[in-house]
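Number of protein chains: 2
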Amino acid sequence: MSKAASSGVKRRKLADIRKDNLGQILAVAEQLFGENGYSGTTIAAIAAKANLPKANVLYYFKTKEALYKGVLSRLLVLWMSHMDQMTADQHPNVALRQYILQKIKMSKEHPNASRIFAAEILHGAPYLKQQLATDLKQQFDKTCQVFREWIAKQWMEPINPEHLLFMIWSSTQAYADHALQCSMMLEKPSLDESDYEAGVEFLTRMVLKGCGIKLL
Amino acid sequence: MSKAASSGVKRRKLADIRKDNLGQILAVAEQLFGENGYSGTTIAAIAAKANLPKANVLYYFKTKEALYKGVLSRLLVLWMSHMDQMTADQHPNVALRQYILQKIKMSKEHPNASRIFAAEILHGAPYLKQQLATDLKQQFDKTCQVFREWIAKQWMEPINPEHLLFMIWSSTQAYADHALQCSMMLEKPSLDESDYEAGVEFLTRMVLKGCGIKLL
DNA sequence: GTCTATAATCCGATAGAC
DNA sequence: GTCTATCGGATTATAGAC
Numbered sequence: 001m002s003k004a005a006s007s008g009v010k011r012r013k014l015a016d017i018r019k020d021n022l023g024q025i026l027a028v029a030e031q032l033f034g035e036n037g038y039s040g041t042t043i044a045a046i047a048a049k050a051n052l053p054k055a056n057v058l059y060y061f062k063t064k065e066a067l068y069k070g071v072l073s074r075l076l077v078l079w080m081s082h083m084d085q086m087t088a089d090q091h092p093n094v095a096l097r098q099y100i101l102q103k104i105k106m107s108k109e110h111p112n113a114s115r116i117f118a119a120e121i122l123h124g125a126p127y128l129k130q131q132l133a134t135d136l137k138q139q140f141d142k143t144c145q146v147f148r149e150w151i152a153k154q155w156m157e158p159i160n161p162e163h164l165l166f167m168i169w170s171s172t173q174a175y176a177d178h179a180l181q182c183s184m185m186l187e188k189p190s191l192d193e194s195d196y197e198a199g200v201e202f203l204t205r206m207v208l209k210g211c212g213i214k215l216l
Numbered sequence: 001m002s003k004a005a006s007s008g009v010k011r012r013k014l015a016d017i018r019k020d021n022l023g024q025i026l027a028v029a030e031q032l033f034g035e036n037g038y039s040g041t042t043i044a045a046i047a048a049k050a051n052l053p054k055a056n057v058l059y060y061f062k063t064k065e066a067l068y069k070g071v072l073s074r075l076l077v078l079w080m081s082h083m084d085q086m087t088a089d090q091h092p093n094v095a096l097r098q099y100i101l102q103k104i105k106m107s108k109e110h111p112n113a114s115r116i117f118a119a120e121i122l123h124g125a126p127y128l129k130q131q132l133a134t135d136l137k138q139q140f141d142k143t144c145q146v147f148r149e150w151i152a153k154q155w156m157e158p159i160n161p162e163h164l165l166f167m168i169w170s171s172t173q174a175y176a177d178h179a180l181q182c183s184m185m186l187e188k189p190s191l192d193e194s195d196y197e198a199g200v201e202f203l204t205r206m207v208l209k210g211c212g213i214k215l216l
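First to last, the sequence lines map onto chains A and B.
Letter 64 of the first sequence, counting from 1, is numbered 64 in the UniProt record's numbering, and no numbers are missing.
Letter 194 of the second sequence, counting from 1, is numbered 194 in the UniProt record's numbering, and no numbers are missing.
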C-alpha cells in the first residue's frame with residue numbers, strides 16, 4: 001500500500017502542499033529580499049518566517065541564488081505592466097494620466113517588488129541584465145515611438161521621449177523606494193492613501209503641463 | 001634611538017601615511033559599498049583594492065560598521081548641498097534650474113555616493129535615520145517654505161511643495177541610481193555628457209512649465 | 001517529501017611577532 | 001604602526017534518518 005493511500009481523506013494532495021509551500025516561500029523571500037537585499041537576507045530567516053525548516057526551503061530551491069532568480073522572474077513582468085496600454089491612438093492626456101496612476105499604485109501595493117528591482121539596477125543588474133536588454137528595451141522603444149506619434153499629431157510638444165520615460169519611472173518608483181525618506185519629511189509613520197493621491201495629482205500635472213498637453 | 005629618527009630623510013611622516021591610508025580606504029570603500037552594498041562588500045575586497053593587508057584596514061577602522069559610518073558621514077552633507085542656495089528672493093526660474101543642474105552634476109560626478117545613499121534609504125536607513133530626521137528635515141522644511149513664498153509672490157502656480165522636492169530628488173538621482181538601466185535603453189555602454197545635458201534640459205522644462213513658471 | 005544534524009566555506013575580528 | 005596567522009561565528013549547502 002502506498003504512503004499516499006494510507007493517509008486518509010483529510011490529507012491534502014501532495015501537489016497542493018508543493019504549490020502552497022512554493023508560493024509561501026516566494027512571498028516571504030520577496031518581502032525579505034526587498035527589505036534587506038540579497039546578501040542581507042539569510043535562508044534561515046526566510047525559512048523561519050515561512051514556518052518551514054531551512055532544509056525544506058533548499059529542497060524547493062536548490063540554492064539561494066535560484067530562489068532569488070525565482071523571485072526576480074516574476075518582477076520584470078509586473079514592473080513592465082501597463083506600459084503597453086499607452087497607444088498612439090489614445091490621447092496622451094488620458095494615457096499618461098492612467099500610466100502614472102498605475103505606476104504609483106504599483107509602488108503602493110508592491111513596494112518590495114519595486115525595491116528588489118531598484119536594488120538590482122543599483123548594483124549593476126547581474127541577474128536582470130539580459131531581460132532588460134531584450135524585453136524591457138523592446139517595450140521602451142515601442143513606448144518612445146508612441147510618444148513620437150503624439151508629437152507628430154501635435155497632441156504634445158516636442159519633448160525628449162526617452163528622458164520622459166526615465167522621469168516617469170524614477171518619480172513614480174520613489175513612492176516605494178524612497179517611501180521612508182518621504183514619510184520622514186512629512187512627519188508620518190508611513191505614507192497613507194492621501195499621499196499617494198497627492199503624488200498622482202502632482203506628477204500628472206507636471207508631466208501634462210511640462211509636455212504642453214491640455215488639462216481636461 | 002627612535003625608529004623614526006633612524007629612517008632617514010626620505011621617510012614620509014607617519015601623519016602623512018595615516019592620512020593617505022585613511023583617504024585611500026575611504027575612497028575604495030565608497031566605491032565598493034556603492035557597487036555592491038554593505039553586506040555585499042567584504043573587508044578583504046576593500047583591503048585588496050587599496051593595496052593594504054586586511055588587518056591594516058581594521059587597524060584604522062575598528063569594525064566594518066565603523067568604516068561604513070565613516071563613509072556615510074560625508075554623504076548627507078554632499079547630498080544636501082546646493083539645496084540651501086534656493087532662497088525666497090531668487091526667482092524660481094533661476095534657482096530651480098540651478099538646483100536641477102547641480103543635482104544631476106552630483107549624480108554624474110559622485111554616482112557611488114548617490115548609490116550608497118539610495119541603498120541606505122531603500123533598506124530603512126538604519127544608520128542615517130537620525131540625521132534625516134534632524135538635518136535633512138530642517139532643510140526640507142526651509143526649502144518648502146521658499147516654494148510657498150514663491151507661490152505667494154505668484155512667481156509660480158500653487159503646486160504641492162513637498163511633492164515637488166520628492167520629484168526633483170528622485171528624477172535627478174536616477175541619473176546615478178538607474179544609470180545602468182538608462183544606458184541600456186539608450187544602447188550605450190554608459191551615459192555620456194550629452195545624456196546628462198539632455199536630462200538637465202528635460203527636467204528643467206518639466207519643472208518650470210509644470211509649475212507655471214515662465215521660461216527665460 | 002520532510003527534517004535533523006553536520007559538513008564546508010566564508011568573513012569579521014584578534015593575537016602577537018616584527 | 002604594520003602585517004601574518006588564526007580564531008570563532010555565521011551561513012550556505014548536503015547527508016541521511018524518518
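Glycine residues also receive a C-beta, built at the ideal position from the N, C-alpha and C atoms.
Can you check whether the CB of isoleucine 121/A is closer than 7 Å to the CB of glutamine 181/B?
Cβ atoms of glutamine 181/B and isoleucine 121/A: closer than 7 Å.
Chain A partners of phenylalanine 140/B, CB-CB under 7 Å?
Here the neighbours are Met185.
If you reduce the DSSP assignment to three classes, tell me which class methionine 86/A lands in.
Coil.
Against chain A, does phenylalanine 202/B count as a neighbour if the rule is that its beta carbon must be under 7 Å from one of theirs?
Output row for phenylalanine 202/B: interface = yes.
Under 7 Å, Cβ to Cβ, is there at least one residue of chain B near lysine 69/A?
So, not an interface residue.
Within its chain, find whatever has a CB closer than 8 Å to the CB of arginine 115/A; leave out the 5 residues flanking it on each side and keep chain order.
Result list for arginine 115/A: Gly34, Glu35, Ala176, Asp177, in chain order.
Would you report the Cα separation of glutamine 130/B and lysine 137/B, rounded to the nearest angstrom?
Cα to Cα, the separation comes out at about 10 Å.
Is the shortest distance between the beta-carbon of alanine 198/B and the beta-carbons of chain A less than 7 Å?
Output row for alanine 198/B: interface = yes.
For the stretch 50-94 of chain A, list the alpha helix (DSSP H) runs that are entirely contained and at least 4 residues long, ordered along the chain.
54-60, 64-80, all fully within the stretch 50-94 of chain A.
Does the beta-carbon distance from serine 170/B to serine 170/A come in below 7 Å?
A contact, by the Cβ cut-off of 7 Å.
Taking the alpha-carbon of leucine 67/B as reference, which of Asn21/B, Gln90/B, Met184/B has the nearest alpha-carbon?
The shortest C-alpha separation from leucine 67/B is found at Asn21/B.
Using a threshold of 7 Å, state whether the C-beta atoms of residue 226/B and lysine 108/B are closer than that.
Residue 226/B lies beyond the residue range present for chain B, which begins at 1 and ends at 216; the question has no answer from this structure.
Step through the CB atoms of chain B and report whether any lies within less than 7 Å of the CB of lysine 214/A.
No, lysine 214/A does not count as interfacial toward chain B.
Could you confirm whether any beta carbon from chain A is found closer than 7 Å to the beta carbon of isoleucine 46/B?
Taking Cβ atoms only, chain A never reaches closer than 7 Å to isoleucine 46/B, which makes this a no.
Please list, in chain order, all residues of the same chain as leucine 75/B whose beta carbon is under 7 Å from its beta carbon, the five residues on each side excluded.
If we look at leucine 75/B and ignore the five residues flanking it on each side, its Cβ neighbours are Ala113, Ile116, Phe117.
Looking only at C-alpha atoms, which of Asp16/A, Pro161/A, Leu132/A sits nearest to leucine 203/B?
It is Pro161/A.
Three or more beta-carbon pairs under 8 Å between the stretch 79-89 of chain A and the stretch 134-148 of chain A, yes or no?
In short, these stretches touch, since the Cβ pair count reaches three.
Given arginine 102/B, which residues of its chain have a CB within under 6 Å of its CB, disregarding the five upstream and five downstream residues?
According to the sequence as given, residue 102/B is glutamine; it is not arginine. Cβ neighbours of glutamine 102/B beyond the five flanking positions: His82.
Using a Cβ cut-off of 7 Å, pull out every chain A residue sitting near serine 171/B, in sequence order please.
Result: Met167, Ser170, Ser171.
Compare the C-alpha of threonine 42/A against each of Val94/A, Glu65/A, Gly23/A and name the closest.
Among Val94/A, Glu65/A, Gly23/A, the Cα nearest to that of threonine 42/A belongs to Glu65/A.
Applying a beta-carbon distance threshold of less than 9 Å, which residues of chain A neighbour asparagine 93/B?
Under the 9 Å cutoff, chain A gives no residues; its nearest Cβ is about 15 Å from asparagine 93/B.
Quick one: is isoleucine 46/A buried, meaning 16 or more other Cβ sit within 10 Å of its Cβ, or exposed?
So isoleucine 46/A counts as buried.
For a test of the three-state rule: what should DSSP assign to aspartate 192/B, helix, strand or coil?
It is coil, neither helix nor strand.
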